[in-house]
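For the sequence shown, position 322 matches number 1464 in the working numbering, and the numbering has no gaps at all.
Down below is the structure, laid out as structure tokens.
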Amino acid sequence: MIDLRSDTVTRPTEAMRRAMTMAEVGDDVYGEDPTVVALEERVAGLLGHEAGLFCATGSLANVLGVAQLVGAGQELLCDEKAHVVRAELGAHAALSGVTTRTWATGDGRIDPARVLALAEVEAGPYLVRTGAIAVEDTHNLAGGVVQPYQRLVELSRGARRLEVGLHLDGARLWNAHVASGVALAEIGQLFETVNVCFSKGLGAPVGSVLVGPTERIAAARVLRKRLGGGWRQAGILAAAAMYALEHHVDRLADDHAAAREFARAVEERASDSVDPAAVETNIVILDAGPRGAAGLVEAAATEGVALSALGSGLVRAITHLDVTRYEARQAGDVVGTLLAGRR
Ligand SMILES: *Cc1c(COP(=O)(O)O)cnc(C)c1O
1143 MIDLRSDTVT
1153 RPTEAMRRAM
1163 TMAEVGDDVY
1173 GEDPTVVALE
1183 ERVAGLLGHE
1193 AGLFCATGSL
1203 ANVLGVAQLV
1213 GAGQELLCDE
1223 KAHVVRAELG
1233 AHAALSGVTT
1243 RTWATGDGRI
1253 DPARVLALAE
1263 VEAGPYLVRT
1273 GAIAVEDTHN
1283 LAGGVVQPYQ
1293 RLVELSRGAR
1303 RLEVGLHLDG
1313 ARLWNAHVAS
1323 GVALAEIGQL
1333 FETVNVCFSK
1343 GLGAPVGSVL
1353 VGPTERIAAA
1363 RVLRKRLGGG
1373 WRQAGILAAA
1383 AMYALEHHVD
1393 RLADDHAAAR
1403 EFARAVEERA
1413 SDSVDPAAVE
1423 TNIVILDAGP
1433 RGAAGLVEAA
1443 ATEGVALSAL
1453 GSGLVRAITH
1463 LDVTRYEARQ
1473 AGDVVGTLLA
1483 GRR
């Protein structure tokens, strides 16, 4: 099976497993795990921030970050297809008392002026106050698009002027960095809090890091413990993330090339279902055609290609560490042939 459902399906490599077994560890609730501390400092430094907090998941890091910027009874503004509003099972509302208001885009790229115009900062006792704006980069459900850097700069300036917080869901910020060539710190510094994931394209088994100002990260550490997210010898996992930082960032360019290869193979057989030129990173979204998304996913699975359905009419393929460019091309041949109706 060529598994293109998600970049979370990767398994740690032998070398990563070796790094994990060799990790120096301690009790992280006491702040005594040297590998966790090293990872938190390293990631904070890479993103141009003061402090970091290693978390089990990106959803947890998003909840902790947003809770530092948005109080109970306030709102978070985000894209209507953002992970924070679609895929975190209402956590921000259920756990933090945060409501969300969304904007729509055609292509997933933010429009700073429009987003800033939505912010409600001086509504007195009449309207919900905007605590923060969340941006996703790359944007998963929009097809892995990279947020244009100048637009992020403009959004950041505007949010500061309005005194509205700015959170970056950078689950795939590594992909945005590799695709755009913009330094991680250049992007990271525009935001007050940033979540980055190690269990997606970087191929670690578990883990995300939230970065931000020292006091906010200290408060996030307390909330993490309150939610049951304190852990002990987590250095075993931090070692995998450290290994991924050393060895799996630059190679994301291979995943991006494989995704384009997949899209080209599909387009050669079914030109209406995808535009390879629109593929910027490791995610490809296809129009499932008359079979529908569930039908295409099922048909592809019987031919040895695993995809995921996005609603009723779209299908997503994601390339990653465990899929070669050759396999991506093969998968594209299979899916393109199905879409062309010849199988
Ligand atoms: C995967 C992902 C997350 C975090 O997901 P977890 O499964 O909780 O680690 C957050 N944001 C985006 C855009 C993601 O794709």
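Don't be surprised by glycine CBs; every beta carbon is placed ideally from N, CA and C.
Query	Result
Residue 1313 Cβ short of 7 Å to ligand 1 heavy atom set	yes
Secondary structure, beta strand (DSSP E): runs of 3+ residues fully inside the region 1265-1303	1272-1278
Residue ranges of each alpha helix (DSSP H) within the region 1296-1381, 4 or longer	1315-1322, 1326-1330 and 1356-1368
Closest Cα partner of residue 1315 within the set 1344, 1396, 1295 and 1240	1344
Inter-residue Cα distance where the pair is residue 1183 and residue 1385	15 Å
Cβ shell of residue 1451 (< 7 Å), same chain only, five flanking positions each side left out	1435, 1436, 1439 and 1457
Backbone secondary structure at residue 1168 - three-state DSSP	coil
Heavy atom of ligand 1 within 7 Å of residue 1483 beta-carbon	no
Bridge partner(s) assigned by DSSP for residue 1457	1428 and 1451
Opening and closing residue of the alpha helix (DSSP H) in which residue 1403 lies	1394-1411
Local conformation of residue 1475 per DSSP, three classes	helix
Cβ shell of residue 1252 (< 7 Å), same chain only, five flanking positions each side left out	1277, 1289, 1293 and 1297
Separation of residue 1270 from residue 1467, as counted between CA atoms	48 Å
Meets three-Cβ-pair contact criterion under 8 Å: the region 1174-1194 and the region 1325-1334	yes
Residue 1092: CB within 7 Å of a non-hydrogen atom of ligand 1	Any answer about residue 1092 is impossible in this case: the structure gives the chain only from 1143 up to 1485.
Inter-residue spacing [alpha-carbon to alpha-carbon] between residue 1273 and residue 1306	6 Å
Cutoff 6 Å; reference residue 1216; Cβ partners in own chain excluding five residues on either side	1271 and 1273
beta-carbon residue 1201 near ligand 1 non-hydrogen atom, thresh 7 Å	yes
Closer than 8 Å to chain D by CB, residue 1395	Absent from the structure: chain D. Only one protein chain is present.
Run of the alpha helix (DSSP H) containing residue 1236, from where it starts to where it stops	1233-1238
Ligand 1 heavy atom lying under 7 Å from the CB of residue 1282	yes
Cβ-based neighbour list, residue 1195, same chain, cut-off 6 Å, excluding 5 preceding and 5 following	1352, 1359, 1362 and 1363
Candidates 1254, 1209 and 1200, of which the one nearest residue 1236 by Cα	1209
Residue 1188 in three-state terms, based on DSSP	helix
Rounded separation between residue 1280 and residue 1158 - CA only	25 Å
Nearest-angstrom Cα separation, counted from residue 1379 out to residue 1411	43 Å
Per-residue burial, residue 1422 [other beta carbons within 10 Å of its own, 16 or more giving buried]	buried
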